[in-house]
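**Q** According to our numbering, the sequence shown is numbered sequentially starting from 21.
We put the beta carbon where it would ideally sit given N, CA and C, even for glycine.
Keep in mind the model is a prediction, meaning the values are calculated, not measured.
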Amino acid sequence: MLFRSGAHNISNLREEGAEDIRVKRIVVHEDFRERPVVKNDIALLQLEWGPKASTVVGPICLTTSTATRDELESLYKPGETATIAGWGSDTAKAKGSHSHSVLQKVHVPLVDGEDCRRAFYRVRVRVVPEIQVICVGF
21 MLFRSGAHNI SNLREEGAED IRVKRIVVHE DFRERPVVKN DIALLQLEWG
71 PKASTVVGPI CLTTSTATRD ELESLYKPGE TATIAGWGSD TAKAKGSHSH
121 SVLQKVHVPL VDGEDCRRAF YRVRVRVVPE IQVICVGF
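1. Cα separation between VAL126 and HIS120?
2. Quick check on the DSSP output: what are the complete beta strand (DSSP E) runs of length 3 or more inside the stretch 56-88, in order along the chain?
3. Who are PRO129's beta bridge partners in DSSP?
4. Measure the alpha-carbon distance for LEU82 versus ILE62 and round it to whole angstroms.
5. Near TYR96, what residues of its chain come up, given a Cβ to Cβ distance below 7 Å and the 5 sequence neighbours on each side ignored?
6. According to DSSP, ARG45 sits in a beta bridge with which residue or residues?
7. Within a Cβ cutoff of 7 Å, which residues of the same chain sit near PRO98, ignoring the five residues on either side of it in sequence?
8. Is it the case that the Cβ atoms of LYS44 and ASP51 are separated by a distance below 9 Å?
9. Go ahead and pull the three-state DSSP assignment for ARG138.
10. What did DSSP end up calling ASP90 once you bin it into helix, strand or coil?
11. Identify whether LEU95 lies in helix, strand or coil by the three-state DSSP scheme.
12. Is the separation between the beta-carbon of ILE104 and that of VAL156 shorter than 9 Å?
13. Going by beta carbon distance, what residues of the same chain come within less than 6 Å of ASP90, once the five residues before and after it are set aside?
What follows is the structure, encoded as structure tokens:
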């Protein structure tokens with residue numbers, strides 16, 4: 021398996037600045053679940069070597085496993101702006117939805133957890149009332 025660092029257009033195998041690195045090991049979150057709701061859907065990839073740092077490649081910060089709920093919630097204040105980026109679908113399970121080849125990015129406001137649960141309850145979708153879910157939207 022290869023990890024592609026620095027990619028913007030994942031369908032362009034010769035993209036300038038992109039670097040392919042062999043994955044040595046995959047560590048899936050020990051509490052990953054797909055059903056009844058997706059939970060802990062994160063994994064760590066151990067690479068054969070570190071990617072070259074550039075203007076588009078750099079480290080990200082993760083919280084510690086010992087952070088309390090209050091500490092985590094203090095990082096995500098309702099009304100502040102968050103940036104979402106990815107190559108996934110930009111529609112909610114609509115027929116004909118597809119993934120994107122070019123990295124997408126949008127800025128959205130953070131939403132209070134209780135407001136989020138109420139909004140999802142109105143459309144009959146159960147939201148796990150835990151800090152693992154960060155709610156955003158307009």
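**A** Straight from the coordinates:
1. Here the alpha carbons of HIS120 and VAL126 stand approximately 14 Å from one another.
2. If we require 3 residues or more, the beta strand (DSSP E) runs fully inside the stretch 56-88 come out as 63-67.
3. THR101
4. Between LEU82 and ILE62, the C-alpha separation is close to 12 Å.
5. LEU130 and ILE154
6. GLN66
7. LEU130, VAL131 and ASP132
8. no
9. helix
10. If DSSP states are grouped into helix, strand and coil, ASP90 belongs with the helices.
11. If DSSP states are grouped into helix, strand and coil, LEU95 belongs with the helices.
12. yes
13. none
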